[in-house]
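S.K.:
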Amino acid sequence: MSKGKTTLANTSYNPCRRKVDFALRESEIRFQTLFDSAAEFIFVIDPEGKILLTNPYVSSQSGYEPDEIIGQSIKNFFTDESKQICDCNFPGLRERGHNRAEIEFVTKDGRVLQMECSATGIPDKNNEFTSFLIIQRDITERKHSAEALADSERRFRAIFNSTFQFIGLLNPDGILLESNQTALDFTGIANKDVVGELFWETPWWSHSEREQKRLKEAFKRAAEGHLVRYETTVAGTGGRVAAIDFSLNPVKNDQGETVLIIPEGRDITERKQAQEDAQRHQLESAHYMRLSLMGEMAAGMAHELNQPLAALISYCGTAHSILSELPSIPREIVDMLDRATEQAHRASEIISHIRHFVSKGDTSKGTVDIDRLINEMSDFLEWELRNSKVNIALNLKAKGREITANSVQIEQVLLNLIRNSLEAIRNARISNGQLTLETELNTEHSILITVSDNGPGIAPDMRDRLFEPFQTNKESGMGMGLSIGRSIIQAHKGKIWLNEFKKNGTSFCIELPVIEANDPT
Amino acid sequence: MTQPDNRIFLVDDDDAVRHALKLYLERENFEVHEYPSAEDLLDVIDDQVASLLVLDIRMKGMSGLELQSKLKSRNIDLPIIFITGHGNVQSSVLAMKEGAADFIEKPFENEKLLESIRHTFKEEEKRKQLNAIKSALTDRYKTLTPREQEVMGYVVNGISNKQMATLLNVSDRTIEVHRSRVMTKMAAASLPELVRMSVTLEINGAGRVF
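Chains as they are written, first to last, in numbering that gives the first Met the number 0: chain B, 0 to 520; chain C, 0 to 209.
#1: Measuring alpha carbon to alpha carbon, tell me which of C:E108, C:V154, C:E123 and C:M163 ends up nearest H52 of chain C.
#2: Nearer than 8 Å: is that true of the beta carbon of N305 of chain B relative to any heavy atom of the ligand GTP?
#3: Determine, for P35 of chain C, whether the minimum Cβ-Cβ distance to residues of chain B falls below 9 Å.
#4: Any idea what DSSP makes of I68 of chain B, helix, strand or coil?
#5: Beta carbons nearer than 7 Å to chain B: which residues of the stretch 72-104 of chain C have them?
#6: Listed from N- to C-terminal order along the chain, which residues in the stretch 152-168 of chain C have their beta-carbon within a distance smaller than 9 Å of any beta-carbon of chain B?
#7: My output table needs one value for A423 of chain B: the three-state DSSP class, helix, strand or coil.
#8: Please list the terminal residues of the continuous alpha helix (DSSP H) segment that includes T106 of chain B.
#9: What residues of chain B sit near N109 of chain C, judged by a beta carbon separation below 7 Å?
#10: Report the residues of the stretch 16-27 of chain C with a CB closer than 8 Å to any CB of chain B, ordered along the chain.
#11: Taking the alpha carbon of V150 of chain C as the point to measure from, which residue in C:S115, C:R26, C:L190 and C:R57 has its own alpha carbon closest?
#12: Considering L190 of chain C, what are the terminal residues of the alpha helix (DSSP H) in which it resides?
#13: So, do the stretch 65-75 of chain C and the stretch 35-47 of chain C have three or more beta carbon pairs nearer to each other than 8 Å?
#14: Can you find at least 3 beta carbon pairs, one from the stretch 312-319 of chain B and one from the stretch 331-347 of chain B, that sit closer than 8 Å?
#15: Could you tell me the distance, in whole angstroms, from the CA atom of T144 of chain C to the CA atom of R178 of chain C?
#16: Give the residues from the stretch 327-343 of chain B that approach chain C closer than 9 Å (Cβ to any Cβ), ordered along the chain.
#17: Applying the criterion that 16 or more other CB atoms from any shown protein chain within 10 Å of the CB defines a buried residue, is D79 of chain B buried or exposed?
#18: Which value, in whole angstroms, describes the spacing of the CA atoms of R93 of chain B and E146 of chain B?
#19: Exposed or buried, F582 of chain B, counting other C-beta atoms within 10 Å across all chains shown (16 or more means buried)?
#20: Please report how far the alpha carbon of I495 of chain B lies from the alpha carbon of N426 of chain B, in whole angstroms.
#21: Quick check on the DSSP output: what are the complete beta strand (DSSP E) runs of length 3 or more inside the stretch 188-244 of chain B, in order along the chain?
#22: What residues of chain C sit near S291 of chain B, judged by a beta carbon separation below 7 Å?
#23: Among B:N503, B:E439 and B:G255, whose alpha-carbon lies nearest the alpha-carbon of Q433 of chain B?
#24: Just checking my contact of L193 of chain C with V154 of chain C at CB under 8 Å: how many whole Å lie between their CB atoms?
#25: Evaluate contact between the stretch 180-197 of chain B and the stretch 149-169 of chain B, counting only Cβ atoms and requiring at least three cross-stretch pairs below 8 Å.
#26: Pick from B:G238, B:F76, B:G299 and B:D192: whose alpha carbon is nearest that of F104 of chain B?
#27: Give, in chain order, every unbroken run of the alpha helix (DSSP H) that is at least 4 residues long and sits entirely within the stretch 18-77 of chain C.
#28: Applying a beta-carbon distance threshold of less than 9 Å, which residues of chain C neighbour L384 of chain B?
#29: From the DSSP output, in three-state form, read off D526 of chain B for me.
#30: Which residues in the same chain as G48 of chain B place their Cβ atom closer than 8 Å to its Cβ, once the five residues preceding and following it in sequence are excluded?
#31: Do you know how far the Cα of V88 of chain C is from the Cα of H18 of chain C?
#32: Spatial neighbours of M0 of chain C within its chain, please: C-beta separation below 8 Å, excluding the five flanking residues on both sides.
#33: Measuring only the C-alpha atoms, how far is S451 of chain B from A423 of chain B?
#34: Going by DSSP in three states, L112 of chain C sits in which element: helix, strand or coil?
#35: Which residue from C:N168, C:K111 and C:L136 puts its Cα closest to that of T183 of chain C?
#36: R139 of chain C versus chain B: which residues are under 9 Å apart at the beta carbon?
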């Protein structure tokens, strides 16, 4: 045993001296080695907490020399909080003989070390604890890391849950580990409903088998380490479905294996709606352009057709004069000439109406008496109706109230509806076809126009998409009529809809605001 | 040069229209010269003289409206009746603003054209007569001395002799003499007639003819 080294053997406590020396010595050597080389603080204290022994590590780490420590209460080296912890734990320690706690040790130069402290009682020959062995492990680093981790975790959570996008975490088998609050709220579900489930079996995808399938396939690729991105839809509360820009982003470890997959969704419903609107607008513009071209053609055609008609009428007139001056007037021939002239005039009127209908027209609005407009239109319709043997009834009760409208456009919408009715009646070979045009004051502020027929009605599967472009069950026709019709009515701040309650036929309703007494004109 | 009062120039690029209208108008005793284009008409217009032009608007090459404008710039003042196959409101308004006599849309009854032609001729006649009268009155007015013209201006505005005397700083008698000379030179039988003459001549109170 070297001098200067504090050992149990040198202290006044030497309970084991009378035991077998050899065994003791071995044990002592073992203890000594452990004691000297441990990278932990080791103290022996008395029941009051006075330090009897310290190991070299204490000095090297705390900066205190042994003689500054030995004889002191161990609590002196603790922070105030730790002193209290110590006081609390001591009774338990004395009773049970062991205790664990976390305390804070203050070094000589004022640093605070976080320590995990374990205390064990050393029994004497009477099995009473006369001293305690205190081993303290420095967990400052560990605690800092833990705090940093907790901090990081908090920050992650904050971002994770407050982003407007849908984010989650999946394991490489497709099991959902986490979902952010936004995604949960969107579908009205809780974490526990989905965590642990296969992602494609969660409620977000319950609306479409097709999207589920796509997801599974996309996931397979993501699990292999590829970033996958595509547009899909997810189910929300109240049966709504949102279009999302969806991606699966694999996270790899240092070995290149995929350990996590991050599903992310950005709601693009609005963007898609805008796209659809733009597309529809484009289609309608193209259609208008064609109409405009037609208008030009029609104007040219009208001019061309009016030339031979002019010559025809002039010739007939002259022939009529010549015949009328004959001594014996051939009445029959004169009569036929007059009829021929009449027909030529009729041809001219038809041309005029066609031109009027496809004219480019300007978009300016004027004051329109809707009853009058419909009356004028019915003249134009007469010859069409004569052919289809359909009876038209007018029930106009708008009492002369006027709307602010582009009369050509309103005519177009009504004519479109009427034509559709006539065609439907004709195709269904209904013999007593009836078309009814009604107007009435809907409220103080609006007029209701109804176009009804007793045709075959509209098929249930067409009803949803009635006003979308390219919806037609006709052989000819582009199916733009109702789509454009709706645009026109909307531009007039009105509404157009299919009357769902009409049985035995079809009925379309148009509501338009009337000019109020105090409207600026 | 006296203009024949029944010579019509007809310009339309459609052969059938020209033929049919010429047939009809000749039966109604008009002398019809037909041209298939505005350019063809312009080639001969200075040499030939007509009373009236029946013109299509939309033709291959120069349009009827362009022709109207060209004739104006050449100071050829012929009444024009436009016949047209495409009733365009803007064209018709423009044509009338530029001084057309009438505007008819094809197809039309023969009689309609006839009526329009007759009416136009009548109006032309009236216009010519009015111009002749104006011309004669202007000649007479020019024979008045400046003082006499001044007096005439006051007289037709109801200024009394006495007032005139004061205004012109002469005697009543002088005024009476001036007045008498005015009536003689203008060949007006009464004051009202003199007033009518002054209206035709568009004289204002200060004796200036516009």
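Virtual Cβ for every residue (Gly too), placed ideally from N, Cα, C.
M.R.: Answer, in terms of the structure:
#1: Within the second sequence, residue 52 of chain C is the residue found at index 53, counting from 1. A quick correction: the sequence has Leu, not His, at residue 52 of chain C. Out of C:E108, C:V154, C:E123 and C:M163, C:E123 has the C-alpha closest to the C-alpha of L52 of chain C.
#2: Summarising the ligand content, the structure contains no ligands, and the ligand GTP is consequently not present.
#3: Here residue 35 of chain C refers to the residue found at position 36 when the second sequence is read from its first residue. False, the Cβ-Cβ gap to chain B never drops below 9 Å.
#4: As a working mapping, residue 68 of chain B is identified with position 69 in the first sequence. In the structure shown, I68 of chain B adopts helical secondary structure according to DSSP, grouped into three states.
#5: Listed by position along the chain: G84 and H85.
#6: Answer in chain order: no residues at all.
#7: Position 424 of the first sequence holds residue 423 of chain B. For A423 of chain B, the secondary structure class from DSSP, reduced to helix, strand or coil, is helix.
#8: The sequence position of residue 106 of chain B within the first sequence is 107, counting from 1. Annotation for T106 of chain B: no alpha helix (DSSP H) segment contains it, and DSSP assigns it neither H nor E.
#9: For this step, residue 109 of chain C is matched to residue 110 along the second sequence. Close to N109 of chain C, with beta-carbon spacing below 7 Å, are these residues of chain B in chain order: S313, G316 and T317.
#10: So the list reads V16, H18, A19, L20, L22, Y23 and R26, given in the order they occur along the chain.
#11: As a first step, residue 150 of chain C is located in the second sequence; it is residue number 151 there, counting from the start. Minimum Cα distance to V150 of chain C is reached at C:L190.
#12: Along the second sequence, one-based indexing puts residue 190 of chain C at 191. Start and end: L190 to L200.
#13: Yes, since at least three Cβ pairs between the stretch 65-75 of chain C and the stretch 35-47 of chain C fall closer than 8 Å, the two stretches touch.
#14: With the rule of 3 Cβ pairs closer than 8 Å, the stretch 312-319 of chain B counts as touching the stretch 331-347 of chain B.
#15: Here residue 144 of chain C refers to the residue found at position 145 when the second sequence is read from its first residue. Here residue 178 of chain C refers to the residue found at position 179 when the second sequence is read from its first residue. Distance between the alpha carbons of T144 of chain C and R178 of chain C is about 12 Å.
#16: In summary, the residues of the stretch 327-343 of chain B whose CB is separated from some CB of chain C by less than 9 Å are T340 and A343, in the order they occur in the chain.
#17: Residue 79 of chain B sits at position 80 when you count from the first residue of the first sequence. Classification of D79 of chain B: exposed, given that the 10 Å Cβ count is below 16.
#18: Position 94 of the first sequence, counting from 1, holds the residue named residue 93 of chain B. Position 147 of the first sequence, counting from 1, holds the residue named residue 146 of chain B. Spanning the two alpha carbons is a distance of roughly 33 Å.
#19: For chain B, the structure presents residues 0 to 520; residue 582 of chain B sits outside this window and is missing.
#20: By 1-based counting over the first sequence, the position of residue 495 of chain B is 496. By 1-based counting over the first sequence, the position of residue 426 of chain B is 427. Taking the Cα positions, I495 of chain B is about 25 Å away from N426 of chain B.
#21: Runs of the beta strand (DSSP E) inside the stretch 188-244 of chain B: 227-234.
#22: Along the first sequence, one-based indexing puts residue 291 of chain B at 292. Near S291 of chain B there are no residues of chain C at all, since even the closest Cβ is about 16 Å away, more than 7 Å.
#23: Looking up residue 433 of chain B in the first sequence gives position 434. Of the candidates B:N503, B:E439 and B:G255, the one whose C-alpha sits nearest the C-alpha of Q433 of chain B is B:N503.
#24: Counted from its first residue, the second sequence places residue 193 of chain C at position 194. Counted from its first residue, the second sequence places residue 154 of chain C at position 155. Indeed they touch by this definition, with Cβ atoms about 7 Å apart.
#25: These segments touch.
#26: Taking the first residue of the first sequence as 1, we reach residue 104 of chain B at position 105. Of the candidates B:G238, B:F76, B:G299 and B:D192, B:F76 places its Cα closest to the Cα of F104 of chain B.
#27: At a cut-off of 4 residues, the continuous stretches assigned as alpha helix (DSSP H) that sit fully inside the stretch 18-77 of chain C are 37-43 and 63-72.
#28: Within the first sequence, residue 384 of chain B is the residue found at index 385, counting from 1. Chain-ordered listing is empty here: chain C has no CB closer than 9 Å to the CB of L384 of chain B, the nearest sitting near 25 Å.
#29: No information on residue 526 of chain B is available, as it lies outside the stretch 0 to 520 that chain B covers here.
#30: Translated into the one-based positions of the first sequence, residue 48 of chain B becomes position 49. S72, I73, K74, C85 and F89.
#31: Taking the second sequence and counting its residues from 1, the one referred to as residue 18 of chain C is at position 19. Taking the second sequence and counting its residues from 1, the one referred to as residue 88 of chain C is at position 89. Between the alpha carbons of H18 of chain C and V88 of chain C lies a distance of about 27 Å.
#32: To locate residue 0 of chain C, count along the second sequence from 1; it is residue 1. Because M0 of chain C carries a pLDDT of 41, less than 50, the predicted location of this residue cannot be relied on, and the following value inherits that uncertainty. Close CB contacts of M0 of chain C within its chain, under the 8 Å cut and outside five residues either way in sequence, are with V48 (chain order).
#33: Residue mapping note: residue 451 of chain B aligns to position 452 of the first sequence, counting from 1. Residue mapping note: residue 423 of chain B aligns to position 424 of the first sequence, counting from 1. When rounded, the separation of the alpha-carbon atoms in S451 of chain B and A423 of chain B is 12 Å.
#34: By one-based count along the second sequence, residue 112 of chain C stands at place 113. Looking at L112 of chain C - three-state DSSP - the assignment turns out to be helix.
#35: Your numbering for residue 183 of chain C matches position 184 in the second sequence. The candidate whose alpha carbon is nearest that of T183 of chain C is C:L136.
#36: Mapped onto the second sequence, residue 139 of chain C falls at position 140. Simply none; closest approach about 49 Å.
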